[in-house]
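Trainee:
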Amino acid sequence: MTRNGGVPGEIGGPELVGIFLMLGASFANVLGQIVVYHSRGTMNSMVLTSSQFILGGFMLLGISRIVEGAFVLPPAPVFWGALIYLGFLSAAAFSIWFYLLSVRGEKVSVIGIWQFLIPVAGAALSWLIIPGDDPSWPVFSGMILIASAIIYFFYPSNRSPE
């Protein structure tokens with residue numbers, strides 16, 4: 047049995063909502079990257095990143111309030127330190143991302159391929175940081191396939207001259 051009482055491998059309810067939210071987020075991400083690429087040189091990447099975080103943060107707070115009800119943020123300094131650190135790390139990463147798209151004029155397809163490393167890095171960090179979180183062979187094999195595909199994509203003989 048699964049956590050929600052369903053059959054293992056069966057998708058429904060919260061899982062289905064999560065899948066659609068992830069697909070929507072991916073679609074919005076792609077649209078945002080295309081807009082940034084086409085308006086390169088006219089859009090400040092810092093303004094774009096900060097407005098994206100503010101708008102997204104308020105949307106997440108609103109949705110979590112509807113779904114989870116009232117909540118209180120913990121007063122622990124460790125929580126606030128981690129929140130500030132993760133916010134800074136995300137802001138820096140997105141600023142670099144949008145800089146590459148808007149100022150350097152890198153292709154969306156070339157920059158986008160690096161997004162496949164995000165879950166790989168997240169899983170690797172969780173294995174290093176969280177006690178008892180060990181890799182399984184299917185997950186580790188998938189990560190090797192992702193890394194191999196990225197190496198293959200950027201291998202010079204596979205690229206057409208530009």
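Under the working numbering, the first residue of the sequence shown is numbered 47, with each subsequent residue one higher.
Think of the CB as a built atom: it goes at the ideal place given N, C-alpha and C, for glycine as much as any other residue.
For clarity, every value in this text was computed on a predicted model and none was experimentally measured.
Would you identify the three-state DSSP class for S172, choosing helix, strand or coil?
Mentor: Here residue 172 refers to the residue found at position 126 when the sequence shown is read from its first residue. In the structure shown, S172 sits in a helix (DSSP, three-state: H, G or I).
Trainee: Would you please verify whether the beta carbon of I112 is less than 7 Å from any beta carbon of chain B?
Mentor: Of the chains in the structure shown, none is chain B; there is only one protein chain.
Trainee: Taking the straight line between their C-alpha atoms, what separation do you get for T48 and G64?
Mentor: On the sequence shown, position 2 is the one that residue 48 refers to. On the sequence shown, position 18 is the one that residue 64 refers to. A caution first: T48 carries a pLDDT of 46, below 50, which makes its placement in the model unreliable, though a value can still be read off. Approximately 16 Å between the Cα atoms of the pair.
Trainee: With a threshold of 7 Å on Cβ separation, who are the neighbours of S172 within its own chain once the five nearest residues in sequence on each side are excluded?
Mentor: Residue mapping note: residue 172 aligns to position 126 of the sequence shown, counting from 1. The residues are D179.
Trainee: Under 7 Å between the Cβ atoms of L146 and Y83?
Mentor: The count along the sequence shown starts at 1 and reaches residue 146 at position 100. The count along the sequence shown starts at 1 and reaches residue 83 at position 37. Cβ atoms of L146 and Y83: not closer than 7 Å.
Trainee: Of the choices S141, A74 and A122, whose alpha-carbon is the least far from that of V93?
Mentor: Numbered from its first residue, the sequence shown carries residue 93 at position 47. It is S141.
Trainee: For T95 versus A137, is the C-beta spacing smaller than 7 Å?
Mentor: Taking the sequence shown and counting its residues from 1, the one referred to as residue 95 is at position 49. Taking the sequence shown and counting its residues from 1, the one referred to as residue 137 is at position 91. The answer is yes: Cβ separation under 7 Å.
Trainee: Please confirm whether Q79 and V154 have their CB atoms less than 7 Å apart.
Mentor: Within the sequence shown, the letter at position 33 stands for residue 79. Within the sequence shown, the letter at position 108 stands for residue 154. Against a cut-off of 7 Å, the Cβ pair of V154 and Q79 comes out as a contact.
Trainee: Using the Cα positions of V81 and G108, report the straight-line distance between them to the nearest angstrom.
Mentor: For this step, residue 81 is matched to residue 35 along the sequence shown. For this step, residue 108 is matched to residue 62 along the sequence shown. Taking the straight line joining both Cα atoms gives about 26 Å.
Trainee: Of all the options A122, P123 and L106, which has the alpha carbon lying nearest to the alpha carbon of G115?
Mentor: Here residue 115 refers to the residue found at position 69 when the sequence shown is read from its first residue. Nearest of A122, P123 and L106 to G115, Cα basis: L106.
Trainee: Just the Cα atoms here: how many angstroms apart are A193 and L163?
Mentor: By 1-based counting over the sequence shown, the position of residue 193 is 147. By 1-based counting over the sequence shown, the position of residue 163 is 117. Rounded to the nearest angstrom, the two C-alpha atoms are 8 Å apart.
Trainee: Between A169 and V156, how many whole angstroms is the CB-CB distance? I'm expecting something under 8 Å.
Mentor: The count along the sequence shown starts at 1 and reaches residue 169 at position 123. The count along the sequence shown starts at 1 and reaches residue 156 at position 110. That pair is no contact at about 24 Å.
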